[in-house]
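Protein chains in written order, with the working numbering: chain F, 1 to 131; chain E, 132 to 370.
Okay, so here's the structure we're looking at.
What follows is the structure, given as C-alpha cells:
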C-alpha cells in the first residue's frame with residue numbers, strides 16, 4: 001500500500017514530492033497506538049481530578065493543600081500533553097521548541113510575586129482602614 | 132540552481148548580508164522533520180495561546196495577592212444545593228469530568244482517523260462536540276447564577292472586587308475557545324463523514340486535498356482547551 005503510493009508519486013511532477021513526503025511520513029510514523037492506552041490515560045485523568053476535588057471537599061489547608069493541588073495539576077497536564085497530544089512520540093526538536101518557552105513564564109511569575117507583595121505592603125501601610 | 136548550490140555545505144562559501152538571510156531562509160530545509168507544516172503551525176499557535184492564558188492567570192494572581200480585602204471563597208461561591216445537600220464546588224467538578232471525557236473521545240477519534248475508519252471518527256468527533264457544547268451550557272448556567280447573585284466585574288457581595296473581573300475574563304476566554312472548538316469539530320466531522328479524505332475531495336478554502344491528519348491537528352487544539360482548564364481549575368477554583 002505504502003510502496004504503491006510512493007511508486008505513484010514518482011511518476012508525478014516533483015512539485016508534489018515534498019507534500020507527498022510529509023503525508024507519507026506521518027502515516028508511516030503513524031500516531032498508531034492501541035485504544036487501550038487512551039482509555040487508561042482517560043481513567044487516570046478521572047482519578048486525578050477526583051483527588052484534586054477531594055482536596056477541596058475535605059477542606060485541606062496550607063502547604064498540604066498547595067502541594068497536592070500542584071502535584072495533581074502537573075500530573076494531569078503531563079498526561080494530556082504526552083499521550084493525548086502525542087508529544088511523547090515527537091522528535092526532540094519539536095518537543096523542546098514547544099515545551100521550553102512556557103517554562104520561562106515562571107520567571108514572570110517570580111517577578112509578579114515580588115511586585116504584588118510590594119503593592120500589598122504599601123496598601124497595608126498607607127491605605128488600609130484603621131480598625 | 133545557482134542559488135541552491137550556494138547554500139550547499141560542500142560548495143562555495145555562503146553569501147553574507149541580506150542575500151545571505153534570504154538564501155538561508157529559502158534553503159528548503161525543515162526543522163521539524165516528520166511533522167507537517169499544518170501540525171507544526173498548530174503547535175506554534177498553541178504556544179502563543181499558552182502565553183495569553185499565562186498572562187490572564189498572572190494578572191489574576193497579582194490582583195489576588197496584592198488586595199487587602201478578603202478574596203471570596205470559591206468553594207462556597209460555586210457550591211450547589213442538590214436534593215437538599217449543600218455540595219461545594221460540585222458544578223465545577225462535573226464540568227471538569229465532562230471536558231476530560233471530551234478529550235478522551237477526541238483522542239480516540241484521532242486514532243480511528245489514522246485507521247481510516249471514517250464512520251467511527253466522525254461519530255467520536257460529534258460526541259466530543261456534544262460534550263463541549265454541554266460544557267459551554269453549564270458555563271452559561273454558572274455565569275447566570277453568579278450574575279443573579281450580584282457578581283459584576285467591578286463588585287460582588289462577598290469580598291475583593293477583582294474577583295468578578297478575573298472570573299469573567301478567564302472563564303469567558305476559555306469558554307470562547309471551547310465554543311470555537313465545537314464549531315470546527317462539527318465542520319471537520321462533516322468532512323470526515325462525507326469521505327472527503329478518502330476520495331481526495333478538494334477543500335473549499337485552499338482547494339487542496341486534505342488528509343486524516345487534520346483530525347489530529349483539530350485534536351491538538353481540543354486537548355489544549357482541556358489543558359488550559361486543568362490550570363484554571365487548580366489556580367482559580369481550588370486556590
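Backbone N, C-alpha and C fix where the C-beta goes; we use that ideal spot for every residue, glycine too.
Being a predicted model, the structure only gives us computed values, none of them experimental.
Looking at the secondary structure, which residues open and close the alpha helix (DSSP H) in which residue i lies?
i	result
residue 363 of chain E	344-363
residue 286 of chain E	Element bounds for residue 286 of chain E: n/a, residue is neither H nor E.
residue 242 of chain E	221-245
residue 311 of chain E	293-325
residue 36 of chain F	35-57
residue 118 of chain F	105-126
residue 65 of chain F	62-79
residue 158 of chain E	It is not in any alpha helix (DSSP H) - residue 158 of chain E carries neither H nor E in the DSSP assignment.
residue 277 of chain E	249-279
residue 184 of chain E	168-197
residue 205 of chain E	205-208
Is there a Cβ of chain F sitting closer than 9 Å to that of residue i, yes or no?
i	result
residue 347 of chain E	yes
residue 164 of chain E	yes
residue 338 of chain E	no
residue 192 of chain E	yes
residue 220 of chain E	yes
residue 357 of chain E	yes
residue 370 of chain E	yes
residue 94 of chain E	Any question about residue 94 of chain E goes unanswered here, given that chain E covers just 132 to 370.
residue 238 of chain E	yes
residue 175 of chain E	yes
residue 206 of chain E	yes
residue 302 of chain E	no
residue 287 of chain E	no
residue 335 of chain E	no
residue 262 of chain E	no
residue 241 of chain E	yes
residue 361 of chain E	yes
residue 231 of chain E	yes
residue 181 of chain E	yes
residue 364 of chain E	yes
Less than 9 Å between the beta carbons of residue i and residue j, yes or no?
i	j	result
residue 249 of chain E	residue 324 of chain E	yes
residue 83 of chain F	residue 109 of chain F	no
residue 177 of chain E	residue 352 of chain E	yes
residue 313 of chain E	residue 260 of chain E	yes
residue 67 of chain F	residue 365 of chain E	no
residue 359 of chain E	residue 243 of chain E	no
residue 262 of chain E	residue 232 of chain E	yes
residue 49 of chain F	residue 194 of chain E	no
residue 298 of chain E	residue 277 of chain E	yes
residue 93 of chain F	residue 251 of chain E	no
residue 266 of chain E	residue 222 of chain E	no
residue 175 of chain E	residue 98 of chain F	yes
residue 293 of chain E	residue 226 of chain E	no
residue 363 of chain E	residue 345 of chain E	no
So if DSSP puts residue i in a beta bridge, which residue, or which two residues, is it bridged to?
i	result
residue 86 of chain F	Beta-bridge pairing links residue 86 of chain F to no other residue.
residue 213 of chain E	E/216
residue 333 of chain E	E/340
Determine, using beta carbons only, whether residue i comes closer than 9 Å to chain E.
i	result
residue 27 of chain F	A caution first: residue 27 of chain F carries a pLDDT of 46, below 50, which makes its placement in the model unreliable, though a value can still be read off. Yes, residue 27 of chain F lies at the interface with chain E (some Cβ there is under 9 Å from its Cβ).
residue 59 of chain F	yes
residue 67 of chain F	no
residue 38 of chain F	yes
residue 46 of chain F	yes
residue 107 of chain F	no
residue 77 of chain F	yes
residue 53 of chain F	yes
residue 13 of chain F	The predicted model places residue 13 of chain F with a pLDDT of 42, which falls under 50 and marks its position as unreliable; any figure quoted below should be read in that light. No, its Cβ sits nowhere closer than 9 Å to a Cβ of chain E.
residue 64 of chain F	no
residue 88 of chain F	no
Could you check if residue i is buried or exposed, using at least 16 other CB atoms within 10 Å of its CB as the buried criterion?
i	result
residue 204 of chain E	exposed
residue 349 of chain E	buried
residue 156 of chain E	exposed
residue 191 of chain E	buried
residue 76 of chain F	buried
residue 104 of chain F	exposed
residue 200 of chain E	exposed
residue 234 of chain E	buried
residue 326 of chain E	exposed
residue 36 of chain F	exposed
residue 368 of chain E	buried
residue 219 of chain E	buried
residue 179 of chain E	exposed
residue 172 of chain E	exposed
residue 127 of chain F	exposed
residue 307 of chain E	exposed
residue 302 of chain E	buried
residue 56 of chain F	buried
residue 197 of chain E	buried
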